[in-house]
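For the record, in the sequence shown the residue sitting at position 18 is 126 according to this note's numbering, with numbers rising by one throughout.
Please read the structure below before turning to the comments.
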Amino acid sequence: MTDQKRTPGRRGTAPSPSRSCDAPAPRTPRPARAMEVTRAVRPPPRSTDHLSHVPVVVTGDGIAVEPGFLRGHGTQLTAAGVAAGGGAAAAAAAAATPDDGRALRATLTGVVKRVNQLVAVAPLRSRYAPQVGDVVVARVVDIAAKRWRCDVAGQQHAALALSAVNLPGGVQRRRTAADERNMRELFEEGDLLSAEVQELRHDGGIALHTRSLKYGKLVGGVLVVASPALVKRSKKHFHLLGCGVWAILGNNGYIWLSPTDPAGGRGAARDAMEEADESDGGAADGGDAAAPVDAELGVEVRLTLARVRNAIAALDQQFVAIHAATIMDVFDASETAGVDVADMSRPAVVELITATARERRVVA
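Right, here's the structure in full:
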């Protein structure tokens, strides 16, 4: 038998006489143009050096502490043997072990805050924490015994008592059983209203009141939901913007936008009410703050409302403080750049129209 090398190929076919059996066929190198194009199109990642000083932790991460520390909100003492993970997490857990052999770990994702010996973790996003005197925009979710339960974006629903609202006509008298039966004539489920935080109870409950001409039922507008941390507490939360739109900046992040009263005089009346409330302690008689809707809104008014709404959404997306000045900065920038209302939510456009608002320094 003669030894003969077989070349890979189809079974039963003889090797080609023009190609040598011992030398492999030369391969043509694959062009690298596709890879070069991919590298050219994909932008380099952003540098995060400017964020390296921010102590951000996730749930289970160890927090480095010193002897004599005080455990604050968002932290928990665990056994040192419980591993938080491998690599950097294990090193952080070792550094977070105090003298008693227990480790301080984060129970939520947020930023580490240190005040003297107190170590706490502030969440990146949190619910609304009310304070007495806050102006809020609430939505009625339920009607219970002599009270309305309202959503204010807090840890629990707020309560608006029947005795904390003005009766029709501003009548001052004790509430009766007939008033309790007719509660839906004032506010029903799904209604929006503006109110003020009257009391914070020991169990975390929130009590509201609308005993002022400024507060009451809201109709004929649009509701915008933003982060409560962006709406700063100020002396005035009812604004008439330069574009002719009423804005109620609720401390709970609910912002109400409505067109100017076509009858006129609404702005002067509301300013007079605010001055009167400041002088007599906030007590006033009257009905609600619902602007009458006498006619169908025109296209220009609707576009203006939509532009203001998108301006607030852009500020919320960029985490910029929301007040009358920054809203008008974004509104004017979008009109100057010729940006259509429907394009204001694009990421590139948001960066452009919020540039002036980001540079503004808000004096607390």
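C-beta atoms are modelled at their ideal positions from N, C-alpha and C, and glycine is treated no differently.
7 Å Cβ shell around residue i - same chain, five flanking residues per side excluded
i	result
Arg-235	Ala-261, Gly-262 and Gln-263
Arg-468	Ala-433, Thr-434 and Asp-437
Pro-336	Tyr-236, Ala-261, Asn-359, Asn-360 and Gly-361
Pairwise C-alpha distance: residue j and residue i
i	j	result
His-345	Thr-434	14 Å
Leu-338	Phe-177	31 Å
Leu-49	Thr-444	Residue 49 is absent from the model: the chain starts at 109 and stops at 472.
Ala-252	Ala-266	12 Å
Arg-105	Glu-293	Beyond the ends of the chain as shown, which are 109 and 472, falls residue 105; an answer cannot be given.
Pro-163	Leu-308	32 Å
Asn-222	Leu-185	Just to set this straight, residue 222 is Arg in the shown sequence, not Asn. Their backbone Cα atoms lie some 16 Å apart in a straight line.
Asp-448	Arg-454	11 Å
Ile-461	His-431	16 Å
Ala-421	Asp-299	22 Å
Leu-321	Val-428	31 Å
Met-452	Ser-442	8 Å
Leu-268	Gly-278	17 Å
Ala-285	Val-248	21 Å
Ser-366	His-347	11 Å
Ala-355	Leu-349	7 Å
Gly-168	Val-220	13 Å
Gly-73	Leu-405	No answer is possible for residue 73: it lies beyond the span of the chain, which begins at 109 and ends at 472.
Collapsed DSSP secondary structure at residue i in the structure displayed
i	result
Gln-280	coil
Arg-417	helix
Ile-171	coil
Leu-316	strand
Glu-467	helix
Glu-307	strand
Ala-422	helix
Ala-432	helix
Arg-374	With a pLDDT of 39 at Arg-374, under the threshold of 50, the modelled position of this residue cannot be trusted; read the value that follows with caution. Residue state, collapsed to three classes: helix.
Leu-226	strand
Leu-411	helix
Among the options, nearest to residue i - alpha-carbon criterion
i	options	result
Ala-414	Ser-335, Val-305 and Gly-329	Gly-329
Trp-364	His-317, Val-449, Asn-418 and Val-240	Asn-418
Val-457	Ile-430, Gln-425 and Glu-467	Gln-425
Ile-314	Leu-326, Trp-354, Val-279 and Ala-272	Ala-272
Met-436	Pro-276, Thr-464, Gly-180 and Lys-325	Thr-464
Thr-215	Val-248, Arg-179, Met-452 and Val-244	Arg-179
Thr-217	Val-447, Val-327, Val-166 and Tyr-323	Val-166
Val-227	Asn-290, Leu-405, Val-173 and Arg-255	Val-173
Val-243	His-310, Gly-358 and Pro-175	Gly-358
Arg-255	Asn-290, Leu-405 and Asn-224	Asn-290
Leu-331	Pro-276, Val-353, Pro-175 and Arg-281	Val-353
Val-327	Leu-423, Asn-224 and Ala-246	Ala-246
Leu-423	His-310, Asn-224 and Glu-459	Glu-459
Phe-295	Arg-281, His-310, Val-407 and Asn-274	Asn-274
Proximal residues to residue i (C-beta, below 6 Å), its chain only, five neighbours per side dropped
i	result
Asp-250	Arg-257
Arg-283	Leu-270 and Ser-271
Val-409	Pro-367
Glu-297	Val-248
Residues near residue i by beta carbon distance below 8 Å, same chain, minus five either side
i	result
Gln-306	Val-240, Ala-272, Ala-315, Leu-316 and His-317
Cys-351	Thr-412, Arg-415, Val-416, Met-436 and Phe-439
Gly-182	Ala-214, Thr-215, Leu-216, Gly-218, Ala-228, Val-229, Ala-230 and Pro-231
Pro-238	Val-244, Val-260, Gly-262, Ala-266, Val-305, Leu-308, Ile-314, Asn-359 and Asn-360
Arg-73	In the structure displayed, the chain extends from 109 to 472; residue 73 sits before or after that span and is not available.
Val-333	Ala-261, Gly-361, Tyr-362 and Ile-363
Gly-312	Gln-263 and Gln-264
Gln-225	Glu-174, Gly-176, Phe-177 and Leu-178
Distance cut-off 7 Å: residue i Cβ against heavy atoms of the ligand ATP
i	result
Pro-455	Summarising the ligand content, the structure contains no ligands, and the ligand ATP is consequently not present.
(request) List in chain order: all unbroken beta strand (DSSP E) runs of 3+ residues lying wholly within the stretch 324-364. (result) Annotation: the stretch 324-364 contains the following complete segments of the beta strand (DSSP E) (minimum length 3 residues), in chain order: 324-326, 330-333, 346-348 and 353-357.
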